[in-house]
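K.L.:
Numbering (this note's numbering), first residue to last: 1 to 335. Here a beta-carbon is modelled for each residue, glycine too, at the ideal position from N, C-alpha and C. Input: one structure, supplied below.
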């Protein structure tokens with residue numbers, strides 16, 4: 001690990017000011033991803049600003065504004081505390097399931113919500129500094145494009161990058177139409193819809209999000225919905241724990257009698273960002289919640305997939321995972 005300067009922020013404004021003044025500075029919260037990357041010499045900040053003591057851990061009902069009646073979760077609230085909070089378990093069980101499917105208990109006890117949104121890809125070429133990676137070193141090439149790409153993207157990739165976003169929590173958040181609250185470098189608060197927070201790689205895969213350097217995630221807002229009784233998070237992986245998703249699916253349904261009034265479907269392990277399955281959602285609205293319609297919705301979404309040499313299996317796996325997740329959502333989250 002390379003030498004770095006360390007300081008502890010007294011308030012959010014001071015933290016933003018310090019980091020924005022140094023292009024090589026980073027915020028330090030749980031550190032469960034950043035410190036690993038520093039040890040591997042993948043990320044090389046020369047200054048860390050510790051924000052762990054900032055008052056950004058609240059989880060509470062939103063009392064006013066556009067999302068009144070929803071829930072806000074602090075950017076520094078721990079993943080474990082978020083997943084197990086009564087407001088989340090009762091009103092957003094999809095988010096609880098997604099968080100508990102990720103990482104391990106030890107990591108969830110340390111990891112923060114803001115850090116989860118900002119975690120980097122687990123692409124092996126990104127982690128291996130001997131290999132080319134446009135995300136790690138722009139214009140060096142993408143080792144995975146013609147390499148071993150079993151774990152990689154089938155949607156939205158470019159010749160610059162075929163990596164996938166690793167988060168489970170983020171897949172649920174995009175399905176739940178969350179909003180990210182940010183303190184800007186000008187001291188003003190701004191909001192980004194979760195669907196717009198992460199980026200596809202395009203020609204700048206080094207940019208994972210639409211955050212500007214020095215901006216700080218202060219909270220995540222969840223609008224009220226009627227999905228609590230019919231939602232499910234399915235994660236398909238090589239082993240039951242300590243493994244990232246080959247394909248994951250977050251599903252939520254609101255019914256009007258026997259027909260689907262609203263559908264939310266998002267996928268993980270398939271793109272550079274959590275992938276909102278909008279084609280499948282549109283197909284299901286107004287239709288009966290039948291296996292045949294679930295299969296047709298999955299086919300509709302997955303027909304746009306463009307698998308790489310070693311991940312063609314993800315297309316069929318994705319179809320089956322969408323159908324299974326929708327079925328279990330209709331069963332109230334029961335297998």
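In whole angstroms, what separates the C-alpha of residue 184 from that of residue 324?
P.N.:
One-based indexing of the chain shown puts residue 184 at position 184. One-based indexing of the chain shown puts residue 324 at position 324. When rounded, the distance between both Cα atoms is 41 angstroms.
K.L.:
Note down, one range per segment and in chain order, each alpha helix (DSSP H) of at least 4 residues found wholly within the stretch 47-90.
P.N.:
The qualifying runs are 79-84.
K.L.:
Look at the alpha carbon of residue 281 and the alpha carbon of residue 1, and state the distance between them as a whole number of angstroms.
P.N.:
Stepping through the chain shown from its first residue, residue 281 is reached at position 281. Stepping through the chain shown from its first residue, residue 1 is reached at position 1. Those two C-alpha atoms are separated by around 46 angstroms.
K.L.:
What three-state label does DSSP hand residue 349 in the structure shown?
P.N.:
Residue 349 is absent from the model: the chain starts at 1 and stops at 335.
K.L.:
Under 8 angstroms Cβ to Cβ from residue 305, same chain only, skipping five residues before and after it: list those, please.
P.N.:
In the chain shown, counting from the first residue as 1, residue 305 sits at position 305. Contacts found: 154, 155, 270, 314, 315, 318.
K.L.:
Tell me the rounded alpha-carbon separation between residue 47 and residue 25.
P.N.:
Residue mapping note: residue 47 aligns to position 47 of the chain shown, counting from 1. Residue mapping note: residue 25 aligns to position 25 of the chain shown, counting from 1. When rounded, the distance between both Cα atoms is 5 angstroms.
K.L.:
Considering residue 8, what are the terminal residues of the beta strand (DSSP E) in which it resides?
P.N.:
Walking along the chain shown from the start, residue 8 turns up at place 8. Residues 5-8.
K.L.:
Can you give me the C-alpha to C-alpha distance between residue 140 and residue 202, rounded to a whole angstrom?
P.N.:
Taking the chain shown and counting its residues from 1, one reaches residue 140 at position 140. Taking the chain shown and counting its residues from 1, one reaches residue 202 at position 202. Taking the straight line from one Cα to the other gives about 15 angstroms.
K.L.:
Determine the DSSP secondary structure at residue 222, reduced to helix, strand or coil.
P.N.:
Counting from 1 along the chain shown, the entry for residue 222 is found at position 222. In this structure, residue 222 counts as strand in the three-state DSSP scheme.
K.L.:
Just to confirm before moving on: does the CB-CB distance between residue 37 and residue 120 stay below 8 angstroms?
P.N.:
Taking the first residue of the chain shown as 1, we reach residue 37 at position 37. Taking the first residue of the chain shown as 1, we reach residue 120 at position 120. Contact: yes.
K.L.:
Using 10 angstroms around the beta-carbon of residue 248, count the other beta-carbons present and answer buried if the total reaches 16, otherwise exposed.
P.N.:
Stepping through the chain shown from its first residue, residue 248 is reached at position 248. Residue 248 is buried by the Cβ-count criterion.
K.L.:
Run through DSSP, which three-state label would residue 315 get?
P.N.:
For the purposes of this step, residue 315 is identified with residue 315 of the chain shown, where counting begins at 1. In the structure shown, residue 315 sits in a helix (DSSP, three-state: H, G or I).
K.L.:
Given residue 174, which residues of its chain have a CB within under 6 angstroms of its CB, disregarding the five upstream and five downstream residues?
P.N.:
Counting from 1 along the chain shown, the entry for residue 174 is found at position 174. Same-chain partners within the cutoff: 194, 195, 266, 274, 276.
K.L.:
So who's on the other strand from residue 30, going by DSSP bridges?
P.N.:
Numbered from its first residue, the chain shown carries residue 30 at position 30. None, per the DSSP bridge assignment.
K.L.:
Where do the ends of the beta strand (DSSP E) carrying residue 255 lie?
P.N.:
Residue 255 sits at position 255 when you count from the first residue of the chain shown. First-last of the beta strand (DSSP E) with residue 255: 247-256.
K.L.:
Are at least three pairs of beta-carbons, each pair with one atom in the stretch 45-64 and one in the stretch 232-246, less than 8 angstroms apart?
P.N.:
Result no; under three Cβ-Cβ pairs closer than 8 angstroms.
K.L.:
How big is the Cα-Cα spacing for residue 300 and residue 283?
P.N.:
The residue you call residue 300 lines up with position 300 of the chain shown. The residue you call residue 283 lines up with position 283 of the chain shown. Each residue's Cα considered, the two are about 8 angstroms apart.
K.L.:
The alpha helix (DSSP H) spanning residue 163 covers which residue range?
P.N.:
By 1-based counting over the chain shown, the position of residue 163 is 163. From DSSP, residue 163 is part of no alpha helix (DSSP H); its letter is neither H nor E.
K.L.:
Would you check if the distance between the CB atom of residue 221 and the CB atom of residue 134 is smaller than 8 angstroms?
P.N.:
Position 221 of the chain shown, counting from 1, holds the residue named residue 221. Position 134 of the chain shown, counting from 1, holds the residue named residue 134. No, these two residues do not count as a Cβ contact at 8 angstroms.
K.L.:
Could you give the DSSP three-state label for residue 14: helix, strand or coil?
P.N.:
The sequence position of residue 14 within the chain shown is 14, counting from 1. Correct three-state label for residue 14: helix.
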